[in-house]
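Data first, discussion second: the structure below is written as C-alpha coordinates.
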Amino acid sequence: MQDFHRRWGFLGATEWARWEGQDRNRRSIEIDVVARLYDYRLLAGEVEWSIRPVGLDLHLSLSRNLDDLARSGRGWAADALSDETSACFIYFSAGGFTDDFRRMAREHGRIHLITLEDLYPAE
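Numbering (this note's numbering), first residue to last: 254 to 376.
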(Lines of atoms letter the chains of each structure in order from A and count residues from 1; the text may use other names and numbers.)
(Lines give C-alpha, C1' and ligand atoms only; values in the text may rest on other atoms or scores of the structure.)
Protein backbone atom coordinates (compact mmCIF):
# COMPACT_ATOMS: atom_id res chain seq x y z
CA MET A 1 0.00 0.00 0.00
CA GLN A 2 2.96 2.33 0.44
CA ASP A 3 3.28 2.68 -3.34
CA PHE A 4 -0.33 3.83 -3.52
CA HIS A 5 0.17 6.23 -0.62
CA ARG A 6 3.11 7.86 -2.40
CA ARG A 7 1.32 7.97 -5.73
CA TRP A 8 -1.67 9.71 -4.13
CA GLY A 9 0.47 12.04 -2.03
CA PHE A 10 -0.53 10.60 1.36
CA LEU A 11 1.52 10.16 4.46
CA GLY A 12 1.43 6.70 6.01
CA ALA A 13 -1.40 5.48 8.17
CA THR A 14 -1.25 5.46 11.95
CA GLU A 15 -4.09 2.97 12.09
CA TRP A 16 -5.93 0.62 9.71
CA ALA A 17 -9.14 -0.97 10.91
CA ARG A 18 -12.48 -2.47 10.01
CA TRP A 19 -15.55 -1.04 11.73
CA GLU A 20 -18.71 -2.90 12.68
CA GLY A 21 -21.58 -1.59 14.76
CA GLN A 22 -24.96 0.11 14.60
CA ASP A 23 -26.28 3.52 13.73
CA ARG A 24 -28.72 5.40 15.96
CA ASN A 25 -31.62 3.41 14.47
CA ARG A 26 -29.86 0.17 15.42
CA ARG A 27 -29.18 -0.67 11.77
CA SER A 28 -26.11 -2.89 11.50
CA ILE A 29 -23.29 -1.32 9.52
CA GLU A 30 -19.94 -2.74 8.46
CA ILE A 31 -17.17 -0.70 6.87
CA ASP A 32 -14.25 -2.72 5.57
CA VAL A 33 -11.56 -0.03 5.62
CA VAL A 34 -11.15 2.88 8.01
CA ALA A 35 -7.67 4.39 8.30
CA ARG A 36 -6.32 7.45 10.06
CA LEU A 37 -3.31 8.99 8.30
CA TYR A 38 -0.37 10.67 10.01
CA ASP A 39 -1.79 14.06 9.00
CA TYR A 40 -5.02 13.10 10.87
CA ARG A 41 -7.11 12.83 7.71
CA LEU A 42 -9.30 9.77 7.39
CA LEU A 43 -9.88 7.39 4.51
CA ALA A 44 -12.70 4.89 4.27
CA GLY A 45 -13.54 2.18 1.81
CA GLU A 46 -14.90 -1.22 0.97
CA VAL A 47 -13.57 -4.55 -0.27
CA GLU A 48 -15.50 -6.71 -2.73
CA TRP A 49 -14.13 -10.13 -3.67
CA SER A 50 -16.81 -11.22 -6.15
CA ILE A 51 -15.80 -11.88 -9.74
CA ARG A 52 -18.30 -9.34 -11.12
CA PRO A 53 -17.27 -5.71 -11.62
CA VAL A 54 -18.39 -3.39 -8.83
CA GLY A 55 -20.69 -0.48 -9.66
CA LEU A 56 -21.48 2.96 -8.25
CA ASP A 57 -23.89 1.48 -5.74
CA LEU A 58 -20.90 0.50 -3.58
CA HIS A 59 -19.86 4.14 -3.19
CA LEU A 60 -23.45 5.25 -2.60
CA SER A 61 -23.86 2.59 0.09
CA LEU A 62 -20.64 3.58 1.86
CA SER A 63 -21.61 7.27 1.73
CA ARG A 64 -25.02 6.48 3.21
CA ASN A 65 -23.49 4.36 5.96
CA LEU A 66 -20.98 7.05 6.86
CA ASP A 67 -23.70 9.69 6.89
CA ASP A 68 -25.89 7.57 9.19
CA LEU A 69 -22.95 6.94 11.51
CA ALA A 70 -21.99 10.63 11.54
CA ARG A 71 -25.57 11.54 12.51
CA SER A 72 -25.30 8.91 15.25
CA GLY A 73 -22.38 10.78 16.82
CA ARG A 74 -19.45 8.89 15.29
CA GLY A 75 -16.98 11.72 14.71
CA TRP A 76 -14.65 9.62 12.58
CA ALA A 77 -17.51 9.00 10.11
CA ALA A 78 -18.09 12.75 9.82
CA ASP A 79 -14.35 13.14 9.21
CA ALA A 80 -14.53 10.58 6.41
CA LEU A 81 -17.20 12.68 4.66
CA SER A 82 -15.73 16.14 5.26
CA ASP A 83 -13.80 17.85 2.46
CA GLU A 84 -11.30 19.13 5.04
CA THR A 85 -10.63 15.89 6.94
CA SER A 86 -11.24 13.16 4.38
CA ALA A 87 -8.23 11.85 2.51
CA CYS A 88 -10.19 9.72 0.06
CA PHE A 89 -12.46 6.78 -0.49
CA ILE A 90 -10.72 3.56 -1.44
CA TYR A 91 -12.31 0.52 -3.03
CA PHE A 92 -10.77 -2.90 -3.64
CA SER A 93 -12.43 -5.27 -6.10
CA ALA A 94 -11.34 -8.68 -7.34
CA GLY A 95 -13.69 -8.40 -10.32
CA GLY A 96 -12.80 -4.85 -11.29
CA PHE A 97 -15.13 -1.88 -11.64
CA THR A 98 -17.84 -0.82 -14.03
CA ASP A 99 -17.12 1.91 -16.56
CA ASP A 100 -19.53 4.25 -14.74
CA PHE A 101 -17.68 3.78 -11.45
CA ARG A 102 -14.29 4.35 -13.11
CA ARG A 103 -15.60 7.51 -14.77
CA MET A 104 -17.02 8.85 -11.51
CA ALA A 105 -13.75 8.09 -9.71
CA ARG A 106 -11.79 10.08 -12.32
CA GLU A 107 -14.19 13.01 -12.08
CA HIS A 108 -14.37 12.97 -8.27
CA GLY A 109 -10.60 12.88 -7.79
CA ARG A 110 -10.73 11.47 -4.26
CA ILE A 111 -12.04 8.02 -5.09
CA HIS A 112 -9.39 5.38 -5.67
CA LEU A 113 -10.14 2.02 -7.25
CA ILE A 114 -7.79 -0.92 -6.77
CA THR A 115 -8.06 -4.31 -8.45
CA LEU A 116 -6.23 -7.55 -7.74
CA GLU A 117 -4.10 -6.84 -10.80
CA ASP A 118 -3.09 -3.50 -9.26
CA LEU A 119 -2.00 -5.27 -6.07
CA TYR A 120 -0.38 -8.24 -7.81
CA PRO A 121 0.70 -7.19 -11.30
CA ALA A 122 1.75 -9.92 -13.75
CA GLU A 123 5.45 -9.84 -14.34
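All residues carry an ideal CB built from backbone N, CA and C; glycine is no exception.
Self-check item: Segment limits, beta strand (DSSP E) that includes residue 347
Solution: Run containing residue 347: none; DSSP gives neither H nor E here.
Quiz item: When the Cβ atoms of the segment 347-360 are set against those of the segment 301-321, are three or more pairs found closer than 8 Å?
Solution: yes
Self-check item: Pairwise C-alpha distance: residue 291 and residue 269
Solution: 11 Å
Practice problem: Could you tell me the boundaries of the alpha helix (DSSP H) in which residue 362 lies? | Solution: Looking at the DSSP string, residue 362 is not in any alpha helix (DSSP H), and its letter there is neither H nor E.
Quiz prompt | Reduced DSSP category for residue 328 - H, G, I as helix; E, B as strand; rest coil | solution = helix
Exercise. Reducing DSSP to helix, strand and coil, say where residue 355 ends up.
Key: helix
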